[in-house]
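Trainee: Mind looking over this structure? Questions follow.
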Ligand code: KIV
C-alpha cells in the first residue's frame, strides 16, 4: 500500500482512523534531525524518539542511563525535521516512577521543550495514576507492554514475554486498563503473535508491535537495526532493509585511502 500523502500531519486521531479502516501504521525510531528528515520524507506515520537512544546513540548496554534532558535534546532535533509524522517521545527511566506528579512534570517538560506530540511510558496498572494525570493535562499517552527494557534488571533477560498464562493474563488486563485510562495506543514488545492478536482484537485503540507478530495495528523497529547500522544485532523479529554498516564502512575506507594517497582533493576539488 502506498503512503497517504493527503494527511498533512498524522495525529492520534488519524491513527485511530487507520486502525478502524484496517490500514497498518508504520512507526520507526529516530533521534536526530538528519535521520528524522529521511524517515519523515519516506512517509512514516509515527516517529518514536525511543529511549533506545541510550543504546544506539550513546553506546550504553541498557536504556536506563539516558536522562530526561538528553531525551528532550533528541526529541527537539527530531521535531524540527518532522513535517508529516506524529512524534512520540519515551519517558526515560527515573522520570516517572517516583510519583504521578513527577511523571506529569516530566511529560510537560518533554512537550514544552521539544515540541513533540505525545509521550510513551512503560508499564500497566502500576503506573495508572501517572498515565491518568498526564492525560488529564491534555498530553497524548502511548502505553508499552510485554518486554519493557527499563525493567531489564527485574527480568534478567530480553527473551519473549508473557508465554506463561499468568503473565499473559496480566498483559491483557494492563492493555484494557491503558485503553480505559485514555491512551491512544499501546506498543506490544516481544510477545507471542497469538497473544498480540487477541489483545489487538480486544482493544479499540491501535497496537504497535515489535516482535509481536503480524496481527498488531502497526509495527515499529529501531532505525539503526532495520538499516543494518548495528552489525551484530540480528534478533528473529528483525527484518534488515539495508546493510548501511558495510556501505558506510566502504565509503570511509575509500576516503581514508584517497587522503593518504594524495588523491583527494583533486584539482577540481580546490579553489
Ligand atoms: O525505545 C525504543 O526504541 C522503543 C521501541 C523498541 C518500541 O521503545
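In the working numbering, the protein residues as written are 729 to 999.
Don't be surprised by glycine CBs; every beta carbon is placed ideally from N, CA and C.
Remember, it's a predicted structure, so these values are computed and weren't measured experimentally.
(1) Within 10 angstroms of its Cβ, does residue 987 collect 16 or more other Cβ (buried), or is it exposed?
(2) What are the boundary residues of the beta strand (DSSP E) that residue 853 is part of?
(3) Might you give, ordered along the chain, the residues of its own chain that have their beta carbon closer than 6 Å to the beta carbon of residue 857, omitting 5 neighbours on each side?
(4) For residue 899, which of 875, 910, 885 has the nearest alpha-carbon?
(5) Grab the span of the alpha helix (DSSP H) containing residue 838 for me, first residue to last.
(6) Closer than 6 Å by C-beta to residue 860: which residues in its own chain qualify, once you throw out the five before and the five after it? Chain order, please.
(7) Cβ of residue 931 versus every heavy atom of the ligand KIV: is any distance shorter than 7 Å?
(8) Does the segment 764–772 come into contact with the segment 807–820, if we say contact requires no fewer than three beta-carbon pairs (one atom in each stretch) closer than 8 Å?
(9) What distance in whole Å lies between the Cβ atoms of residue 774 and residue 755, which are believed to be in contact at a cut-off of 8 Å?
(10) Answer with yes or no whether the minimum CB distance from residue 755 to chain B is below 8 Å.
(11) Compare the beta carbon distance of residue 954 and residue 967 with 8 Å and say whether it is the shorter of the two.
(12) Compare the C-alpha of residue 871 against each of 905, 897, 788, 896 and name the closest.
Mentor: Per the coordinate set shown:
(1) If you number the chain shown from 1, residue 987 lands on position 259. Answer is exposed; the Cβ neighbour count stays below 16.
(2) Indexing the chain shown from 1 puts residue 853 at position 125. Where residue 853 is concerned, there is no enclosing beta strand (DSSP E), given that its DSSP letter is neither H nor E.
(3) Indexing the chain shown from 1 puts residue 857 at position 129. Around residue 857: 828.
(4) The residue labelled residue 899 in the question sits at position 171 within the chain shown. Taking only the C-alpha atoms, the option nearest residue 899 is 875.
(5) By 1-based counting over the chain shown, the position of residue 838 is 110. Unbroken alpha helix (DSSP H) run through residue 838: 828–842.
(6) Sequence index remark: in the chain shown, residue 860 carries index 132 (1-based). Hits under 6 Å: 909.
(7) Here the question's residue 931 lines up with position 203 in the chain shown. Flag unset: Cβ of residue 931 not near the ligand KIV.
(8) The segment 764–772 makes contact with the segment 807–820: 3 or more CB pairs, one atom from each, lie closer than 8 Å.
(9) Residue mapping note: residue 755 aligns to position 27 of the chain shown, counting from 1. Residue mapping note: residue 774 aligns to position 46 of the chain shown, counting from 1. Confirmed, Cβ separation roughly 4 Å.
(10) The structure shown has no chain B; it contains just one protein chain.
(11) For this step, residue 954 is matched to residue 226 along the chain shown. For this step, residue 967 is matched to residue 239 along the chain shown. Yes, they are a contact pair.
(12) Here residue 871 corresponds to residue number 143 of the chain shown, with the count starting at 1. Residue 905 is the option with its Cα nearest to residue 871.
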